[in-house]
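A short write-up of the structure that comes next.
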Amino acid sequence: MPIIEVEHLTKEYRLGALQSLKQTMLNAGARLIGRAAPERPLFKALDDVSFTIEQGEVVGIIGHNGAGKSTLLKMLARISTPTRGSVKVNGRIAPLIEVGAGFVPDFTGRENVYLNGAILGMSKREIDRKFDEIVDFAEMAEFIDTPVKRYSSGMQVKLAFSVATSVESEILIVDEVLAVGDLAFQRKCFDRMENLIKRQGRTVLIVSHNIRQIERMCNRVLLLDHGTIKVDGNAKLVCNVFFEQSDVTIIAQQDKGKASNALTTGEADLLDLNFTDPTGQTIDTIEYNAPANIRFKIRAHREIRNPIFFIGFHTTDFIYLTASITPGSLRKKTLSEGTHEFSMRIDNFPLLPGAYATRLSIDVEEPIKNIFYADNLCHFRVTSSNLQRSSPECQGGFFSLEAHWSHQHLLQEPVDARHLQSPLPLPQT
Amino acid sequence: MNGLKELCTYRELIAVLAWKNIAVRYKQAYLGIAWAVLKPVTLMLIFTLVKSFVGIDSGDIPYPILTFAALMPWTFFQESASEGVNSVVGNTALIKKIYFPREIFPLTSVVTKLVELGINFLILAGLMAWYGMMPSVQFLWVPVIIAYTVLASLAVAFAGAAINVYYRDVGQALPVLLSLLMYASPVIYPLQLVKDKLLIQQAAGDWSGLLYTLYTLNPLAGIIDAFQSVVLRGQAPDVGAMVPGAMLVAVLLPLSYLYFKRAESYFADVI
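So the sequence lines, in the order shown, correspond to chains L and G. Residue 538 in our numbering sits at position 373 of the first sequence, and the numbers go up by one each step. Residue 10 in our numbering sits at position 8 of the second sequence, and the numbers go up by one each step.
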């Protein structure tokens, strides 16, 4: 039997503000005497959504802002009621929706643990039993009798996360909560979530914009778009569809070559930066492993001596991938006042299919300083006729790794082999 | 019935939330929970002062304790009704984040006020000792009267809380309406005065009986008089004065609750 059954779920919201009492009365009166009252327009946050989730599945829900992710979670958690359709949940749900909603600033950490625990449906005895573990996990033993209003925001979230994940429930709903605390604590949260999922076999629903995280944790993903389920299936597959979609929108949104966020000392400005094809035409799609050209124009507002140029590429979520610096032969130049054009040729473009952006920086040597820096420039896509973004080669990262493999069958097993064995069984995906 | 069973499983949550309400209010106050008695005691002193100018016949009971015994159920009703009405809107963060039966919020307000009422009993005991009064066996009526007061305030709180989600006017208007209601309830004056005027002297002629029924339609008229009777006079409650109000509550409470249950599924969307 599925643990969650959603059938033809539709949720409509009325747009615009709540009407005044007078207007409501007038409308009610109009309806009473059989005339049509003016209705505020409806907005469908969810439109005829159906799916089932089995016990033990870890399901990610992704989609753009306003796609209906949070609305769906609210329906599942019974916070809001469907306009049409039905939601059947066979088990206790623990919502981790923005943990810490019930914290009272004037209460001590200890009091808040009991209060929040009760709100999440734990009995006093249950909290008593788990109290030490909750405090230990949150690393709060020292401050547990201090009012929460004196905590840093990170401390509050740590405590709240710790309480919320202690609830014993069949279904756990997680809405963007893993981005809490410092890196070390995030790692701990992540491990705890994985533990809940993989060892205790709980059913988990995760909403996040961190697609890489979703891809790693879930075995099934629903992609929502404007209130409908666009794709439902294997995590890798759905995440790739989503990446492709985002790439297209990100590129469409960009003002190409414009350095809107440039940092400059006023000595130089970027006029134009583009990829060009062999005939000199501007392009925004580049073939993987094929030659590529970048051309940019600089206006020098005064004489610039010995400039060093630096062009790099980064992902749309700002992971810096690689860069090239002007070689020595080009450095000993002096740019006179006026406009200059540079170009750079890459023989085999190394980035795997996906969406990327460019950054440019200009330094001068004496005295050493940066006179211009801009990133998020000239968004472009890399495509390949023989590589799909979902193919295994592209899953490994951003570059292809040229390597030569060999194999040999050893007759005697090396003594160290056991050190190489993984201590944990690999997660099944 | 189903609702009652669900409430049973959530009784611990009601207790914790009520404890939260009380603890939050008095956490950083030096006098702490002693503030709970401030309102009835102050009003008692003011009314006693006013009484010395205008002269209200309080029978053979000293006026200060008579009015304090009226203020106890009155303050309890007034505060649990108005806090109940604001309880849903006041817990927006919880309503939008997590599910439990929404009637927990008005109920919690009432439970919170019950605790404060309990503290007022200490003051009442002190006053009774001061005036040398002994509680009689009629005192056993007190839990029944308080339970009835709880129902009366819930009748206001459920519907009020639900409407307040849509129109915040209710939360603004209720304190004004309730302070008017205080003058229509035997708080400053004893019910006996109204009885004398309408039932014995027939001050309004043929309309006197009807007017008296209208007056006692206010559940607080019966409640306050009954409370004074059982605590101070050692008499059984005057059932005649309670019937019209009780009938009103018996009709309004289910309607109010049903309206609340019907509206609650939209709270998270509208609030």
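All C-beta atoms in this analysis are idealised placements derived from N, C-alpha and C, irrespective of residue type, glycine included. These numbers were taken from a predicted model, which means no experiment stands behind them.
Problem - Top-ranked residue by Cα proximity to L/Ile476, from L/Asn541, L/Thr447, L/Ser565 - result: Nearest neighbour of L/Ile476 by Cα position, chosen from L/Asn541, L/Thr447, L/Ser565, turns out to be L/Asn541.
Exercise for the section: Flag this pair as touching only if the stretch 169 to 184 of chain G and the stretch 71 to 86 of chain G have three or more C-beta atom pairs under 8 Å; answer yes or no. Expected result: The way I'd put it, the stretch 169 to 184 of chain G does touch the stretch 71 to 86 of chain G; three or more beta-carbon pairs between them come closer than 8 Å.
Handout entry: Below-9 Å beta-carbon distance, L/Ser373 vs any chain G residue
Key = False, the Cβ-Cβ gap to chain G never drops below 9 Å.
Practice task
Give the C-beta separation of L/Ser508 and L/Asn471 to the nearest angstrom, bearing in mind that I take them to be a contact with Cβ-Cβ under 8 Å.
Solution key: Actually they do not touch by this definition, with Cβ atoms about 20 Å apart.
Practice task
Compare the beta carbon distance of L/Val224 and L/Asn375 with 9 Å and say whether it is the shorter of the two.
Solution key: One thing to note: L/Val224 has its Cβ no nearer than 9 Å to the Cβ of L/Asn375.
Exercise for the section: Measure from the C-beta of G/Ala25 to each C-beta in chain L and report whether the shortest distance is under 9 Å. Expected result: At a cut-off of 9 Å, the C-beta of G/Ala25 has a neighbouring C-beta in chain L.
Exercise for the section: Decide if G/Val253 is buried, meaning its Cβ has at least 16 other Cβ atoms within 10 Å, or exposed. Expected result: Under this definition G/Val253 is an exposed residue.
Practice task
Check L/Asn543 in the structure and name its three-state DSSP category.
Solution key: Residue identity differs from the one stated: residue 543 of chain L is Cys in this sequence, not Asn. The answer is strand: DSSP assigns L/Cys543 an E or B state.
Handout entry: Bridge partner(s) assigned by DSSP for L/His479
Key = Looking at the DSSP assignment, L/His479 forms a beta bridge with L/Tyr485, L/Ala522.
Practice task
Put G/Ser54 into one of helix, strand or coil per three-state DSSP.
Solution key: Three-state result, G/Ser54: helix.
Exercise for the section: Tell me, please, whether the CB atom of G/Tyr261 is closer than 9 Å to any CB atom in chain L? Expected result: For G/Tyr261, the answer is no, since every Cβ of chain L falls outside 9 Å of its Cβ.
Practice task
Could you pull the start and end residues of the beta strand (DSSP E) that L/Arg179 belongs to?
Solution key: Under the DSSP assignment, L/Arg179 falls in the beta strand (DSSP E) whose first and last residues are 169 to 179.
Exercise for the section: For L/Trp570, count neighbouring C-beta atoms within 10 Å of its own C-beta (all shown protein chains included) and say buried if the count is 16 or more, exposed if not. Expected result: Per the 10 Å Cβ criterion, exposed.
Problem - C-beta neighbour in chain G for L/Tyr279, strict 9 Å - result: Answer yes: the Cβ-Cβ gap between L/Tyr279 and chain G drops below 9 Å somewhere.
Handout entry: Endpoints, the beta strand (DSSP E) within which L/Met509 is located
Key = Taken as a continuous stretch (DSSP letters only), the beta strand (DSSP E) holding L/Met509 covers 503 to 511.
Problem - From L/Ser251, L/Gly250, L/Gly282, residue whose alpha carbon lies closest to that of G/Ile100 - result: That would be L/Gly282, whose Cα lies nearest to the Cα of G/Ile100.
Practice task
If I'm right that L/Asp449 touches L/Ile416 with Cβ under 8 Å, what's the distance once you round it to whole angstroms?
Solution key: 6 Å between Cβ atoms; contact.
Exercise for the section: Answer yes or no: does any C-beta atom of chain L fall closer than 9 Å to that of G/Ile226? Expected result: It does not; no Cβ of chain L falls within 9 Å.
Problem - C-beta neighbour in chain L for G/Leu15, strict 9 Å - result: Output row for G/Leu15: interface = yes.
Exercise for the section: Can you give me the Cβ contacts of L/Gly422 inside the same chain, cut-off strictly under 7 Å, excluding the 5 residues immediately before and after it? Expected result: Because the pLDDT of L/Gly422 is 45, which lies under 50, any placement of that residue in the model is unreliable, and the number read from its coordinates should be weighed accordingly. Same-chain partners within the cutoff: Asp437, Leu438, Asn439, Leu542, Cys543.
Handout entry: Nearest-angstrom Cβ-Cβ length linking G/Met136 and G/Ile67, presumed shorter than 8 Å
Key = Not quite, the Cβ-Cβ distance comes to about 13 Å (not below 8 Å), so this is no contact.
Problem - G/Glu105 and G/Phe262 closer than 9 Å at C-beta - result: It is a contact, given that the beta carbons lie within the stated cut-off.
Problem - Residue-chain proximity (G/Glu95, chain L), Cβ-Cβ < 9 Å - result: Checking the sequence shown, residue 95 of chain G turns out to be Ala, not Glu. At a cut-off of 9 Å, the C-beta of G/Ala95 has a neighbouring C-beta in chain L.
Handout entry: G/Val18: contacting residues in chain L (beta-carbon distance under 9 Å)
Key = For G/Val18, the chain L residues whose Cβ falls inside 9 Å of its Cβ are Tyr279, Leu280, Gly282, Ala283, Ile284, Lys289, in order along the chain.
Problem - N-terminal and C-terminal residue of the alpha helix (DSSP H) that L/Asp293 is part of - result: 289 to 303 is the span of the alpha helix (DSSP H), which, as asked, contains L/Asp293.
Exercise for the section: Would you give the residue range spanned by the beta strand (DSSP E) that L/Glu380 belongs to? Expected result: Where L/Glu380 is concerned, there is no enclosing beta strand (DSSP E), although the alpha helix (DSSP H) it sits in stretches over 376 to 382.
Problem - L/Val254 in three-state terms, based on DSSP - result: Strand at L/Val254.
Practice task
Starting from L/Thr368, find everything on chain G with Cβ-Cβ shorter than 8 Å and list it in chain order.
Solution key: Within 8 Å Cβ-Cβ: nothing; L/Thr368 doesn't reach chain G, min ~17 Å.
Handout entry: Cβ-Cβ separation, G/Gly211 to G/Thr218 (assumed contact under 8 Å), whole Å
Key = The pair is not a contact, with the Cβ atoms about 11 Å apart (cut-off 8 Å).
Problem - Minimum C-alpha distance to L/Thr447 - residue among L/Asn551, L/Asn535, L/Phe461 - result: The shortest C-alpha separation from L/Thr447 is found at L/Phe461.
Handout entry: Inter-stretch contact (C-beta, 8 Å, three-pair minimum) for the stretch 243 to 256 of chain L and the stretch 173 to 192 of chain L
Key = Yes, since at least three Cβ pairs between the stretch 243 to 256 of chain L and the stretch 173 to 192 of chain L fall closer than 8 Å, the two stretches touch.
Exercise for the section: Step through the CB atoms of chain G and report whether any lies within less than 9 Å of the CB of L/Ala424. Expected result: Note that L/Ala424 has pLDDT 49, beneath the 50 cutoff, so the model's placement of it is unreliable and the number below is only indicative. Chain G contact via Cβ: absent.
Exercise for the section: Determine the contact status of L/Ala232 and L/Leu389, defining contact as a CB-CB distance below 9 Å. Expected result: With a cutoff of 9 Å on beta-carbon distance, L/Ala232 and L/Leu389 are scored as near each other.
Handout entry: Best match in G/Ala161, G/Val152, G/Tyr12, G/Ala36 for proximity to G/Leu116 [C-alpha to C-alpha]
Key = G/Leu116 has its Cα closest to that of G/Val152, out of G/Ala161, G/Val152, G/Tyr12, G/Ala36.
Practice task
Pull up the distance between the alpha-carbon of G/Asn88 and that of G/Gly162, whole angstroms please.
Solution key: Their Cα atoms are separated by approximately 8 Å.
Exercise for the section: Say whether chain G places a C-beta atom closer than 9 Å to the C-beta of L/Lys421. Expected result: In this prediction, L/Lys421 has a pLDDT of 49, which is less than 50 and means its spatial position is unreliable; what the coordinates show is noted afterwards. Interface with chain G (9 Å Cβ-Cβ cutoff): L/Lys421 is excluded.
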